[in-house]
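Peer 1: Under our numbering, the residue at position 453 of the sequence shown is numbered 454, and the numbers go up by one with no gaps. We put the beta carbon where it would ideally sit given N, CA and C, even for glycine. Below is one structure. I have some questions about it.
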Amino acid sequence: MSSLSRTVCRAASSRIFLSVKFSLSLHSFSTTPISKNEFPCLEKNEDRQRKLAAALEQNQSSLASKLQNSNNKSFTTISQNKQECNRADEGPEPAYSNVVSGYETFHYPSSFQFVHGGTLPSFDIAFETWGTLNEAKDNVILLHTGLSASSHAKSHDRNKSPGWWENFIGPGYPLDTSKFFIICTNVLGGCYGSTGPSSINPVTGKRYGSNFPIVTIFDMVSAQFKLLDHMGISKLYASVGSSMGGMQSVAAASLFPDRVGRVISISAAVRSHPYSIAIRYCQRQDPNWNKGHYYDSVPPHVGMKLARQIATISYRSGPEWENRFGRKRADPESGPMLCPDFLIETYLDHQGERFCLQYDANSLLYISKAMDLFDMSQRPDPKKPALKIEGDPWAGESRSIEEPVSNKSNSPMANPELDALISGLTNVQMPTLVLGVQSDILFPIWQQKEIADVLRAAGNKNVTYYELDAIYGHDTFLIDKVNVGSAVKGHLENIVE
C-alpha cells in the first residue's frame, strides 16, 4: 500500500472513531430511549411467502394445482390469508365474488387465430345466463366484463353468491330478465373458466404461461361470437359493457354491425390513452413472476397486492375518500407507523390482501395489455386476407388491420388520427348510449365525449350521451344503480323510430 493510501486510511479511521465516540457520548446523556419501529405489513408479506413455499415443499406439488378447481381448467379463487374487515372497508363496495362453480362451458374445437399472431388449437369460454331465450332468439343482451371480473354477474340457483352486477339484473331491473336473455362470459385470456395463460396447452400438456398469444379486445369479442354461433343467436338485441366491457361492446358493434342492435358503453374508451396505459404498466411488477412460468413455484403475490392497490386508487375518487376517510388514523391512540397507519392506507392494504391470491397474475398482465392495445382505428378487417407478422414469437397468422380512410368529409377537423378513429367506427350506426362519470380518473369524462363525438362524426344519428355527477369515480358503474341503472334501462327499452 502506498504512503498516500495509508494516510487516507488512517484519516478515515480517525473520523469513524470520532463519530462513533461522539454518538456514544450523546447517547449517554440522552434520557429518551431509542424507539424501534415495527413493520407488520412487511412481516405479513414475508409470512405469506413462507407459507406458500412451505405448502410447495410439503405437498410436492405446484401451488397452481392447489389453486385450480376440480376440472383443472381455470385458476380458482382461493385465499389462504383471510383478513378481517375493519373500519376502512365500510361504505359502498363492488362485489368481487370467488367463482368456483355455477358457470357453463362452451368448447370451441377448432383452431383460433389471434390478431397479433399465434393460434390456439381450441379454447373454452365460461358463461352464465339469466332470463329466457325467446323462440326468435332476438331478445339477447351480451354483457361484457371489466378486467378481472368473472361471468358471475348475478346470483342464480347454481351459484347463490352475489354477482358483480347483482342489483342491475333481474325482473324489472335495468337488464330486465322478464324481457331479455342475458349472457355474460369470462373473457378469453381470463382465469375463471375460460382459456387463458393458466390453462393447459393440449399440445404440450403444460400450462401456457407467457407462451399464450397476445390477446386483444377484438380477440375476446370474436371468441364470444363463436359462442353465439353455437347457441344459434344470429343477432344481439344489445351489446352492453362498462370499463373494458365498454371497449368490447363498441368493438362488437364495429366487427359485427349486422349482429348488434344497440350499444351501451359505460366509462370506457375507443382507444387507450397514456395515463391509463401508465397506470396499468405500474401494476406489472414482481420478481416471482419468473417470466410467466411461476405455476410450480411461489406466485407473484406481492406484486398482485400492489397491483390491486394501484387499481383501487384509479377506480375511486378523491372526493369520496375525503368524505369517507379524511385524515383519520386507524388507531389514533398509537404512535405513527411506517406501515398502514391512516384509514385510507389500511383500506388499500385490505383490498390488496384479499385480491393477491384470488386472480392469476398472467391473466392480469395479458388482459390489462389488451386494454393498452385497444384502438378502434386499428380494428381487424375480416374481409381482408390474413397476413403473416414477421418476427412474431408465436407461430401462426394474424387477421389484417384495417387501413384508415383519410380525409373523411364528416371529420370535424383535419386530423389523420381522428380520421382513422372515425373510419374504425363507421360500422357503428345502431342506437348507442355513452355514459361517463365526472369523477372518473381512469377513463375521464373527456374520453366519453370522444366516443360520442367520433360516433356522430362517423354518421351515427342516434347517439345518447350522459354525464353523471357521482363521487365514486370509475367504480360508479358498479355502485350507482339509480343513475346508471335508469340510463341503461331507458336506452334498452326505448322504442326506436
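1) Less than 8 Å between the CB atoms is what I'm expecting for V271 and L426, so what's the real figure, rounded?
2) According to DSSP, what are the bridge partners of C357?
3) Name the residue from Q359, V264 and S268 whose alpha carbon lies nearest to the alpha carbon of P432.
4) Give every residue of the same chain whose Cβ lies closer than 6 Å to the Cβ of Y473, excluding the five residues on either side of it in the sequence, and list them in chain order.
5) Under a Cβ-count criterion, where at least 16 other Cβ atoms within 10 Å of its own Cβ denotes burial, should Q59 be classed as buried or exposed?
6) If you follow the beta strand (DSSP E) that V216 is part of, which residue opens it and which one closes it?
7) For D454, name the three-state secondary structure that DSSP assigns.
8) For F478 and M248, what's the separation of their Cα atoms in angstroms?
9) Should V273 and M372 be called a contact, given that it needs their Cβ atoms to be closer than 7 Å?
10) Keeping to the same chain, check which residues put their C-beta closer than 7 Å to that of N484; ignore five residues upstream and five downstream.
11) For the alpha helix (DSSP H) holding G486, just list the boundary residues, first then last.
12) Threshold first: 4 residues or longer. Then list the alpha helix (DSSP H) segments lying entirely within the stretch 186 to 238, N to C.
13) Give the straight-line distance between the Cα atoms of T465 and A453, rounded to the nearest whole angstrom.
14) Taking the beta strand (DSSP E) that Y467 belongs to, which residues open and close that run?
15) In three-state DSSP terms, what is Q249?
16) Straight-line CA distance for S200 to D361?
17) If you measure from the CB of T120, is any heavy atom of the ligand MN nearer than 6 Å?
18) Can the beta-carbon of S152 be found closer than 7 Å to that of T186?
19) Across the stretch 188 to 197 and the stretch 162 to 176, are there enough close Cβ pairs to call them in contact, namely three or more that are closer than 8 Å?
20) Mapping DSSP to helix, strand and coil, what is S274?
21) When we look at the beta-carbon of C283 and count the other beta-carbons within 10 Å, is it buried (16 or more) or exposed?
22) What did DSSP end up calling D332 once you bin it into helix, strand or coil?
23) What residue from P203, A254, A56 and F326 has the CA that sits closest to K236's CA?
24) Note the first and the last residue of the continuous alpha helix (DSSP H) segment covering S364.
25) Opposite T130 in the DSSP bridges: which residues?
26) Going by beta-carbon coordinates alone, are Y367 and V204 separated by less than 7 Å?
27) Apply the 10 Å Cβ neighbour rule to I496 and answer buried if 16 or more other Cβ atoms are within range, or exposed otherwise.
28) Thinking L443 and Y467 are a contact (beta carbons under 8 Å), I'd like their distance in whole angstroms, please.
29) Just checking, does the stretch 142 to 159 make contact with the stretch 106 to 113 on the three C-beta pairs under 8 Å criterion?
30) Compare the Cα-Cα distances from T178 to each of E418, P198, N135 and R208 and report the closest residue.
31) Go through its chain and collect everything with a Cβ distance to I446's Cβ below 8 Å, but skip five positions before and after it.
32) With 16 as the cutoff for other CB atoms within 10 Å, does E129 come out buried or exposed?
33) How is the alpha helix (DSSP H) around H145 delimited, first residue to last?
34) List the DSSP bridge partners of T120.
35) Shortest alpha-carbon distance to D332 belongs to which of L349, G119, K292 and L344?
36) For D48, which three-state DSSP category applies?
Peer 2: Looking at the atomic coordinates:
1) Yes, V271 and L426 are in contact; Cβ-Cβ is about 7 Å, under 8 Å.
2) C357 is not bridged to any residue.
3) Minimum Cα-Cα distance from P432 among the listed residues Q359, V264 and S268 corresponds to V264.
4) So the qualifying residues of the chain are E321 and I480.
5) By the 10 Å Cβ count, Q59 comes out exposed.
6) Segment: none, V216 is in no beta strand (DSSP E) and carries neither H nor E.
7) Helix at D454.
8) Each residue's Cα considered, the two are about 14 Å apart.
9) The sequence given here places Ser at residue 273; Val does not occur at that position. Using a Cβ distance threshold of 7 Å, S273 and M372 count as a contacting pair.
10) Result list for N484: L469 and A471, in chain order.
11) For G486, the uninterrupted alpha helix (DSSP H) run begins and ends at K482 to E494, by DSSP.
12) Every alpha helix (DSSP H) stretch that sits fully inside the stretch 186 to 238 and reaches 4 residues is listed by chain position as 218 to 231.
13) Looking at the two C-alpha atoms, the distance is approximately 8 Å.
14) Where Y467 is concerned, the enclosing beta strand (DSSP E) stretches over V464 to L469.
15) Note: Q249 maps to helix in three-state DSSP.
16) Taking C-alpha positions only, S200 is separated from D361 by approximately 11 Å.
17) Of the ligands one can find in the structure shown there are none, so the ligand MN has no counterpart to examine.
18) In this structure, T186 lies closer than 7 Å to S152 by Cβ.
19) Result no; under three Cβ-Cβ pairs closer than 8 Å.
20) Note that residue 274 corresponds to His in the displayed sequence, not to Ser. The answer is coil: DSSP assigns H274 none of H, G, I, E or B.
21) Sixteen is the threshold: since fewer than 16 other Cβ atoms of the shown chains lie within 10 Å of the Cβ of C283, the residue is exposed.
22) Note: D332 maps to coil in three-state DSSP.
23) The shortest CA-to-CA distance from K236 to any of P203, A254, A56 and F326 is the one to A254.
24) Element bounds for S364: A362 to L374.
25) Residue pairing of T130 in beta bridges, as defined by DSSP: I184.
26) No, these two residues do not count as a Cβ contact at 7 Å.
27) Residue environment for I496: exposed (fewer than 16 other C-beta atoms within 10 angstroms of its C-beta).
28) Contact between L443 and Y467 fails: their C-beta atoms lie close to 18 Å from each other, not under 8 Å.
29) Contact between the stretch 142 to 159 and the stretch 106 to 113 is absent, because fewer than three Cβ pairs lie under 8 Å.
30) Closest option to T178, judged by alpha-carbon separation, among E418, P198, N135 and R208: N135.
31) Excluding residues within five positions, the ones whose Cβ falls inside 8 Å are G437, V438, Q439 and E468.
32) E129 is buried by the Cβ-count criterion.
33) No alpha helix (DSSP H) holds H145; the beta strand (DSSP E) holding it covers V141 to H145.
34) According to DSSP, which records beta bridges pairwise, T120 is partnered with Q114.
35) Closest in alpha carbon position to D332, among L349, G119, K292 and L344, is L344.
36) Assigned with DSSP and collapsed to three states, D48 falls in helix.
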